[in-house]
Amino acid sequence: MKHYIVTGMSCAACQARVEKAVAKVEGVTSVSVSLLTNSMGVEGPVSNEAVIKAVTDAGYGAKLKDEDREKISVFESEKESLKDRETPVLKRRLVVSAVFLLLLMYITMGYNMLHLPLPGFLHGNFIILALLQMVIALAVMIVNRKFFTNGFSALFHASPNMDTLVALGSTVSFGWSLAVICEMFMNGENIAGLYHSSLYFESAAMIPALITVGKMLEAVSKGRTTNALKGLIELAPVKATLVKNGIETEVKADEVRVGDTFIVRPGEKIPVDGVVISGESSVDESALTGESIPVDKNIGENVSAATINQTGCITCKATKVGEDTALARIIRLVSDAAATKAPIARIADKVSAYFVPAVMLIALIVCIGWMVAGETLAFALARAISVLVISCPCALGLATPVAIMVGNGVGAKNGILFKSGEALESAEKTEIIALDKTGTITSGEPVVTDILPASEITENELLEKAFSLEIKSEHPLSKAVVKKAETLGLKAFDSADFRILPGNGVEAKIGEKILRGGNEKYISEFAILPEDLTKAASVLAEAGKTPLYFCENEKILGIITVADMIKPDSAKAIAEMHKMGLKVFMLTGDNERTAIAIGKEAGVDEVIAGVMPEEKAEAIFLMQKYGKVAFIGDGINDAPALTKADTGIAIGAGTDIAIESAEIVLMNSSLLDAAAAVRLSRKTLKNIHENLFWAFFYNIVCIPLAAGLSAWKMNPMIGAAAMSLSSFTVCMNALRLNLLKIHDSKHDKTLIRKGFDANELKKEISENFGKKRSKKMKKTVKIEGMMCPHCEARVKKLLEELPFVESADVSHKTGEAVVTLSGEMDEATVRKTIEDNGYKVISVG
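Counting from 19, one number per residue, gives the positions in the sequence shown under my numbering.
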């Protein structure tokens, strides 16, 4: 998507006009214009020149947002685009207007009503007083000429906007008063009467002045809605200390290049994304993640730009700079989201497109109607002018974008990034949460949970020998054992003849003894397993832990259990989701026993185990028949499910692919942030509904009042004042979202849109997978070297011991093994397993 800055827009009608004009350009597939940030996003194979020309022809200005990116840094570019150029101009206009208005009000009200003194030559000289009012009113109109130039220009382009209403109201008041002055010159008998009852110069001046007040208040409050984004930009580091050949050089942060080495001392900001190459420290990452607890950083660990080094001095190598840093990506996500529209905004857009012409028609009808009813032209014009100036398309146009911007800002401050307004809205509609297990509910890193040594063996002896065996393995379970031993300061013995036995375990020679580690079935072939150990292992396995058995020659050493533990706050987060009325499912490729144990501990409604990566998206599809689904995951294999879900949420330090596929990105690895994202979405949508209600209610009530349908005859100045406050009210209501505590679940409401049985949905998904697997999950392995039924049995046993094989039908006569799979097949493991035992694999298909 290309982003442009649009100038000259003053209300929702302008926004609709620009969108309509650009949408007609050949090649444009979608266009979204934001009145709040004066920005436009365009998709499609179209030239910048064609887009800018369409905007210019519509009566507005446009330029490519990033056209100065090569001259200034990405942070300066974003800061420049958010710079408030409107408020200072409006303040100057307001001050000058106020000076003239005070003089005008002194003449019209101070002298006429309060009998305040005037120079002697003006006493009773009504024509001179009228001409003086005309000059002062004209001065105010000239000061606020932008309303008139923009308003009449838009009218001539057949796209009237708010400025058109203001310009027409003020011009008609001025024109009528000018006609009255002419009448005063021609009709000398009723000069005093005409002066006191028929001049509307104060309305002609007050209308643009009061609207300027409203515009300034609106500009200030709109500026506050982008404070979160401005705050992120302010975090950008200014300087960096590069190290080359032992010499330190201070440079600007945007001069750092990938591969440069830089040093960061305590209290300094990290200038770019990098990796620690020497030293250790704790780093405050709250600016990016919202997490206040510092994170320890050691050699090999990543650091991010704008985070603050706290305790030690670290030397790092730059890996990402400029617009590729995490901070720049966050700023871009928040900024891009502001330029997109939530679907709910389309209601206001449709109304806004016809609003101003409809108001002009109503004003004309009101004027004619009162004259037909026998009222004077002055009375009828006053009612028509009131209708023009009280109507407020701005409130309609701002109702959604200001709330979206503030909601996005609140999320960003708490490490929750919505990629678009649509994402913010879709999260509110969520009814079902589908969670990946590994890295989402659990930490994603297996750890040692229990050490059960056999008799006459100590825990340290068992762990030391397991350490010596597993240190050469890359398996995640092996790494957990190694990490535990290293934490305790144990030393590994030298080993030889290390072998990995797929589906079974590992073995190695230490001294004259053979050390083995693996599953119960494998170790039982070499050692007798004590009943007390196997019972304990069974209990631990039921709790979702994986028992690793170890033996030395024929002597059992004991059991070490390893588990991917659930995160400390996962159960609390899922409880909060339940409180909000959400059904929570866990999707995992793990075996059912482990999955059910984890699911029970976490508190999910249902567990769907044995789900292969490609099946996650199918499960989401089936869930969508029961309600809107949000999927939360962090891995590469979660990308299809994240895309398929109504709302995709990438959690924590997920892969780039997962982050690209998701609509919401959680900077932390906490599921509490997922609950907070739904909570924030609900509160933001509620705020939008309030804004839209106010915008519609205001116009529905005030237009008839201005038309004179009640006993009260509204002065046009009152109408202008009401108009100026309406959009300000909408902005201030949106700013209330800044007070929201998004992690506070006390006021959560249980919203159940559709009631359904979670178990029934699980059955449907399981049955669907069962049918598909029975049809497609079979592979034929052609094997050379099987000579007899004993060979068949041997190959069958080898294959069925593999974790992804459910069963195998083997025939030595055909030289084939038909394998039924329970998971994704690893062809390399199949080949190695069979060929290591003296057979040859011809093909797998």
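No residue lacks a Cβ here, since even glycine has one placed at the ideal position from N, Cα and C.
None of these values were measured; they are calculated from a predicted model.
Item	Value
Ser556 by DSSP, collapsed to three states: which one?	helix
Please state the DSSP three-state secondary structure of Lys89.	With a pLDDT of 49 at Lys89, under the threshold of 50, the predicted position of this residue should be treated as unreliable, and no value is reported.
For Gly232 and Glu61, I'd like the C-alpha separation in whole angstroms.	34 Å
Nearest to Asp291 by alpha carbon, out of Val274, Ala637, Ser461 and Phe166?	Val274
I think Leu435 touches Met685, with their Cβ atoms under 8 Å apart; what is that distance to the nearest whole Å?	7 Å
Take Ile574 as the anchor and find which of Thr564, Arg534 and Lys597 has the nearest alpha-carbon.	Arg534
Over the uninterrupted beta strand (DSSP E) stretch that includes Phe511, give me the two end residues.	Counting along the chain, Phe511 falls outside any beta strand (DSSP E), and DSSP gives it neither H nor E.
If we define contact as Cβ-Cβ less than 7 Å, is Asn522 a contact residue for chain B?	Within the model displayed, chain B is absent; a lone protein chain is all it includes.
Drop a sphere of 10 angstroms on the beta-carbon of Lys89, count the other beta-carbons inside from all chains shown, and report buried for 16 or more, exposed for fewer.	Reliability fails at Lys89, whose pLDDT of 49 lies under 50, so the model's placement of it is uncertain and no value is given.
Quick test of the definition: if touching needs 3 or more C-beta pairs under 8 Å, does the segment 708–715 touch the segment 444–461?	no
Any idea if Ser687 is buried or exposed, counting beta-carbon neighbours within 10 angstroms, 16 or more meaning buried?	buried
Using only CA atoms, which one of Lys796, Glu268 and Val321 lies nearest to Gln304?	It should be noted that the sequence gives Ser, not Gln, for residue 304. It is Val321.
Measure the C-alpha to C-alpha separation of Ala695 and Ala729 and round it to an integer number of angstroms.	49 Å
What does Val629 pair with, by DSSP beta-bridge criteria?	In DSSP, Val629 forms no bridge with anything.
For Lys447, tell me which candidate among Ala197, Gly26, Ala76 and Gly599 has the shortest Cα-Cα distance.	Gly599
Could you round the C-beta distance between Val377 and Ser409 to whole angstroms and report it? I think they count as a contact, below 8 Å.	4 Å
From Gln328 to Asp302, what distance separates their C-alpha atoms?	7 Å
What ranges does the beta strand (DSSP E) occupy inside the segment 432–487, keeping only unbroken runs of at least 3 residues that lie completely in it?	434–436, 450–454 and 465–471
Touching or not, the segment 639–646 and the segment 609–621, by the rule of three or more beta carbon pairs under 8 Å?	no
If you drop the 5 nearest sequence neighbours on each side, which residues of the same chain put their C-beta closer than 7 Å to that of Asn777?	Glu624
Who pairs with His21 in a beta bridge, going by DSSP?	Gly59
Under the rule that 16 or more other beta-carbon atoms within 10 Å means buried, what is Phe174, buried or exposed?	exposed
Check each candidate in Asn705, Ile614, Leu416 and Gly856 and name the one with the smallest Cα separation from Met27.	Leu416
Which term fits Lys563, buried or exposed, when burial requires 16 or more other beta carbons within 10 angstroms of its beta carbon?	buried
Candidates Val36, Phe219, Lys585 and Ile70: which alpha carbon is nearest Leu121's?	Phe219
Figure out for me which residue from Asp762, Val184 and Asn705 has the closest Cα to the Cα of Cys12.	Lying before the first or after the last residue shown, residue 12 is absent from the chain, which here runs from 19 to 863.
Hey, how far is the Cα of Pro821 from the Cα of Ala615?	19 Å
At what residues does the beta strand (DSSP E) containing Pro565 begin and finish?	Thr564 to Glu570
On the three-state DSSP scale, how would you describe Leu519?	strand
Could you pull the start and end residues of the beta strand (DSSP E) that Asp314 belongs to?	Val313 to Lys315
With distance defined between alpha-carbon atoms, name the residue in Leu306, Ala835, Ala680 and Leu150 nearest to Ala324.	Leu306
From Ala413 to Asp652, what distance separates their C-alpha atoms?	40 Å
What are the start and end residues of the alpha helix (DSSP H) that includes Glu619?	Glu610 to Ala620
Give me the Cα-Cα distance between Asn717 and Lys731, rounded to the nearest whole angstrom.	17 Å
Does the Cβ-Cβ distance between Met234 and Cys29 come in under 7 Å?	no
Go to Ile288, then tell me how far its alpha helix (DSSP H) extends in each direction, as first and last residue.	Element bounds for Ile288: n/a, residue is neither H nor E.
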